[in-house]
Amino acid sequence: MRQNAALSLVRILLTFHLIAISWIFFRAQSVGDALTVIQKIATSLLEIPSLLVQYPFTYEQGLGFGLIALLLFVETLDERRPIVQRMAAAPVVLRWGCYYLVIFGVLILGRWQAKEFIYMQF
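The sequence shown begins at 2 in this note's numbering and counts up one residue at a time.
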């Protein structure tokens with residue numbers, strides 16, 4: 002089972018990266034431009050360790066990565082057994098605690114200022 006999960010993760014990551022690279026070729030003016038972009042991405046990956054030393058993580062970045070990890074964890078749980086079934090089988094106190102946690106998370110972490118829709122810039 003563990004081997005299948007690792008293989009599944011490798012397949013997901015490979016598919017994601019192949020699609021991302023194909024988007025570079027789709028958006029580039031020429032194949033040469035696309036290869037230049039890919040080369041710059043590859044060489045900039047070598048700079049990540051020095052950037053992490055120069056610019057350490059902030060609280061907001063750590064919170065963002067933590068919440069993304071939580072969403073991936075919940076998504077993985079949902080694949081095995083739907084969250085709706087898990088919540089229905091959970092004790093009432095735990096279920097309502099989760100509901101309140103989600104509501105307060107949205108209220109605390111939400112952005113409430115009006116902003117222009119991003120696609121209006123294009």
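Idealized CB from N, CA, C, for every residue including glycine. These numbers come from a predicted model, not from an experiment.
If you follow the alpha helix (DSSP H) that residue i is in, where does it begin and where does it stop?
i: Ser45; result: Val32 to Leu46
i: Ile119; result: First-last for Ile119: undefined, no H or E at that position.
i: Ala70; result: Tyr60 to Arg81
i: Gly98; result: Val93 to Leu110
i: Ala89; result: Ile84 to Ala90
i: Pro50; result: Ile49 to Gln55
Quick one: is residue i near chain C, going by C-beta distance under 8 Å?
i: Ala91; result: Considering every chain present, this structure includes no chain C. It has just one protein chain.
Assuming residue i and residue j make a contact with CB atoms under 8 Å, what is their CB distance in whole Å?
i: Ile39; j: Ile20; result: Their Cβ separation, rounded to whole angstroms, is 14 Å, which puts Ile39 and Ile20 out of contact at 8 Å.
i: Ala126; j: Ile25; result: No answer is possible for residue 126: it lies beyond the span of the chain, which begins at 2 and ends at 123.
Beta-carbon within less than 6 Å of residue i's beta-carbon, same chain only, minus the 5 sequence neighbours each way: which residues are those?
i: Met88; result: Arg96
i: Leu52; result: none
Measure the Cβ-Cβ separation of residue i and residue j and say whether it is below 8 Å.
i: Leu78; j: Ile69; result: no
Which same chain residues, not among the five before or five after residue i, have their C-beta less than 7 Å away from its C-beta?
i: Phe105; result: none
Can you find the residues in the same chain that come closer than 8 Å, C-beta to C-beta, to residue i, ignoring five residues on each side of it along the sequence?
i: Cys99; result: Met88 and Ala91
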